[in-house]
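Residue numbers (the numbering used here): 90 to 308.
The beta-carbon is built from N, C-alpha and C at its ideal position, and this holds for glycine as well.
Report on the following structure.
Structure representation (structure tokens):
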């Protein structure tokens, strides 16, 4: 990691933005509050800052965790997610303007909305999305934003979430590569496979890697 960070520092400054949000998650049966908000400090404790040597570290404090179902969007904590996304995206957009490389430390997957908004302010960008889930579900199936962050940034859902600051859709489906979904279910994948997203589930990814490895061994 030190070699990569040294190489990165030669080309541009490296920044770190801590976003300790758990607003996109539902309360579990075994905890009053999801613990992902502690991840940025946990990573610091176990050496990530010492390894990458960021030139600048920022922290955007999150609103207090709740599980309020918004009647308009049918998404938990929608109002707080929106206000936090606007606040975070302003910080991130300013750092992008400085020409630095930003490492965003969360936090739950709803933070995808933040970076999508920040970059949409600069123009049209794509997204490489490696995840064990597609996160391409609708509120009818799931109420937690962390499980529908990709569908939100692609503009599917209520405008309150998909058109924050009149910037939606933040990313066009055709510019998204969704890679690594490990839960193969035809019904659950329909919204993804019927979209313009470039979709490579884990099963297909493993087969492609295996086939290439086999071909190289047989040469």
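Asked                                                                                                               : Found
Local Cβ density within 10 Å of residue 178, reported as buried at 16 or more and exposed below that                : buried
Coarse secondary structure for residue 81, derived from DSSP in three states                                        : Outside the shown range of the chain (90 to 308) lies residue 81, about which nothing can therefore be said.
Residue 305 - DSSP class collapsed to helix/strand/coil                                                             : helix
6 Å Cβ shell around residue 281 - same chain, five flanking residues per side excluded                              : 223, 225 and 288
Residue 107 classed as buried or exposed, judged by whether at least 16 other C-beta atoms fall within 10 angstroms : buried
C-alpha gap between residue 104 and residue 254, whole angstroms                                                    : 25 Å
8 Å CB neighbourhood of residue 122 in its chain, flanking five on each side removed                                : 111, 116 and 154
Proximity below 8 Å, CB of residue 162 to CB of residue 247                                                         : yes
Cα-Cα separation, residue 260 to residue 308                                                                        : 41 Å
Nearest candidate by alpha-carbon position, reference residue 159, set 185, 150, 170 and 125                        : 170
Minimum C-alpha distance to residue 199 - residue among 213, 251, 186 and 191                                       : 251
Option in 220, 124, 147 and 232 with minimal Cα separation from residue 270                                         : 220
Which listed residue (192, 202 and 187) has its alpha carbon closest to that of residue 172                         : 202
Secondary structure, alpha helix (DSSP H): runs of 4+ residues fully inside the region 234–293                      : 238–242, 248–251 and 275–282
Collapsed DSSP secondary structure at residue 190 in the structure displayed                                        : strand
Secondary structure, alpha helix (DSSP H): runs of 4+ residues fully inside the region 189–226                      : 201–209
Distance between residue 132 and residue 119 (C-alpha atoms, nearest Å)                                             : 23 Å
Alpha carbon of residue 230 to alpha carbon of residue 245, nearest angstrom                                        : 13 Å
Residue 92 burial status per 10 Å Cβ neighbour count (16 or more: buried)                                           : Only weak support exists for where residue 92 lies, its pLDDT of 46 falling under 50; the coordinates are left without a value.
Proximity to residue 190 [Cα-Cα], best of 142, 286 and 206                                                          : 142
Closest residue to residue 181 among 167, 296, 147 and 286 (Cα-Cα distance)                                         : 147
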